[in-house]
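The structure appears below as C-alpha cells.
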Amino acid sequence: STVLAAWLFLAPGTEAGAITVTTTADSGPGSLRQALAQAESGDVITFDPGLASATISLTTGQLVIDVDIVVDGSMAPGLTVSGSGASRVLTVESGVTARITGLRIANGRTPDGKNPAMMDGGGIYNL
C-alpha cells in the first residue's frame, strides 16, 4: 500500500506546480497577474531574487486569487505589491485558501461608492 500511495501522490497532473514571477510589470509574461491567471490549485508562486526590494505597481486593477495557492515572496526580500493608490491590491475569492508570505502589500484603495461590501479591504479583501 505504501508503493501505491507514493505512486498516487506522484501521478501526473496531481503534483503542485511552481510558477516564478520574473518582472515588476503589471501584466504580461512573467508578471504576478499572469502567474495568478495561469495558477491551478496547489501551485506555488515564487519571485525571482532579482526582484528584491522592487515594487510591482498595479495599473490595471486588483489581483484576484481564485484557486488554492501559495504566494511566496521569500526569495525576493523587500518586494512590494502596490495598488498605486488606485485599486485594492488583492481579492481572495470565497472558498479559496491562499497563503501569502514574504510580500509587502501597500497603497491599496477600496472602490468608491455606497456598496459597503465593495469598500472593505484596501490591501487584501478575503471573501
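Numbering (the numbering used here), first residue to last: 596 to 722. Note that the Cβ used here is the ideal one computed from N, Cα and C, for glycine as well. A quick note: this is a predicted structure, and the numbers were derived from the prediction, not measured.
When the five nearest sequence neighbours on each side are left out, the beta carbons in the same chain lying within less than 8 Å of the beta carbon of Gly716 are those of Arg683, Thr686, Gly703 and Thr705, in order along the chain. For the stretch 602-679, the full-length beta strand (DSSP E) segments reaching 3 residues or more read 613-616, 639-642, 650-652, 658-660, 664-667 and 675-677 along the chain. The alpha-carbon separation between Ala634 and Val662 amounts to approximately 7 Å.
Using a Cβ distance threshold of 7 Å, Leu698 and Leu674 count as a contacting pair. Scanning Ala613, Ser677 and Ala649 for the CA closest to the CA of Thr641 turns up Ala613. Distance check between Ser669 and each of Val676, Ala647 and Thr654 places Ala647 closest, using alpha-carbon atoms only.
Taking C-beta separations shorter than 7 Å and ignoring five residues to either side along the sequence, the partners of Ala630 in its chain run Ile614, Val616 and Ile640, following chain order. Short of 6 Å from the beta carbon of Gly680, and not among the five residues preceding or following it, lie these beta carbons of its own chain, in chain order: Asn702 and Arg704. Between Arg628 and Val665, the C-beta spacing is not below 7 Å. For Arg699, the enclosing beta strand (DSSP E) begins and ends at Arg699 to Ala701.
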